[in-house]
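Worksheet: the structure to be examined is printed underneath.
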Amino acid sequence: MPHHILVTEAGARLALLSCVLRNDGSGWEILNDSGHSPSGITGVNQLADRLELLHAATALKVSSVQVTPDEYLAARAYRCGISVGLATSRIYLYRGTSTTPLSPATVVAASGNLWVTGLMELPPA
Numbered sequence: 079m080p081h082h083i084l085v086t087e088a089g090a091r092l093a094l095l096s097c098v099l100r101n102d103g104s105g106w107e108i109l110n111d112s113g114h115s116p117s118g119i120t121g122v123n124q125l126a127d128r129l130e131l132l133h134a135a136t137a138l139k140v141s142s143v144q145v146t147p148d149e150y151l152a153a154r155a156y157r158c159g160i161s162v163g164l165a166t167s168r169i170y171l172y173r174g175t176s177t178t179p180l181s182p183a184t185v186v187a188a189s190g191n192l193w194v195t196g197l198m199e200l201p202p203a
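If you count by our numbering, then the sequence shown holds residues 79 to 203, one letter each, in order.
Encoded structure:
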């Protein structure tokens, strides 16, 4: 999978983390097709209470990472939160006002996605 590095005017290097996640009934996967291209995320694992994203880059610091349900999942009251680490991130899924994470296996939608976008600070080149 591609790994995009952005370099700021000041010379800081940032790894772009981005992907689209979908579970069409066969488990959560990273979309990589003619319309979708991940960056810096090498895999997704489905655990009992969360999704775990694996990052390609060895980051020094987390800048910012967000995960957002698309309009299909949002209209059905799904919401999510992400706990970000330097090499892995954990995505927790919820529905309605519940404070108990859902099993990701129960969130199935042929056209419903989670959008992940973020930046991680990298060491100097």
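Yeah, the Cβ is synthetic: ideal placement off N, Cα and C, and Gly gets one too.
For Pro-147, the three-state DSSP class (helix, strand or coil): Three-state DSSP puts Pro-147 in a strand.
Close beta carbons around Lys-139, own chain, < 6 Å, minus the five adjacent residues each side: The residues are Glu-199.
Supposed close pair Leu-84, Leu-92 - CB separation, criterion 8 Å: At roughly 5 Å, the Cβ-Cβ gap stays under 8 Å, so Leu-84 and Leu-92 are in contact.
Assigned secondary structure, Ala-93 (DSSP; H/G/I helix, E/B strand, else coil): In the structure shown, Ala-93 sits in a strand (DSSP, three-state: E or B).
Proximal residues to Ala-126 (C-beta, below 7 Å), its chain only, five neighbours per side dropped: For Ala-126, where only same-chain residues beyond five positions count, the Cβ hits under 7 Å are Ser-181.
Per-residue DSSP class, three states only, for Thr-86: DSSP places Thr-86 in the coil class of the three-state scheme, outside both helix and strand.
Closest Cα partner of Leu-197 within the set Ser-112, Asn-123, Val-122, His-133: Of the listed residues, the one whose Cα sits closest to Leu-197 is His-133.
Contact check, Thr-120 vs Pro-201, beta carbons under 9 Å: The answer is no: Cβ separation not under 9 Å.
CB of Leu-129 within 9 Å of CB of Leu-171, strictly: Here Leu-129 is near Leu-171, since their CB atoms are less than 9 Å apart.
Proximity below 9 Å, CB of Leu-151 to CB of Asn-123: Annotated as distal: Leu-151 and Asn-123, with beta-carbon spacing of 9 Å or more.
Closest residue to Gly-174 among Asp-111, Pro-147, Val-162 (Cα-Cα distance): The residue with the shortest Cα to Cα distance from Gly-174 is Pro-147.
Residues bridged to Gly-121 [DSSP beta-bridge criterion]: DSSP output for Gly-121 lists Leu-132 as bridge partner(s).
C-beta atoms of Val-186 and Ile-169 nearer than 9 Å: Taking a C-beta distance under 9 Å as the contact criterion, Val-186 and Ile-169 do not qualify as a contact pair.
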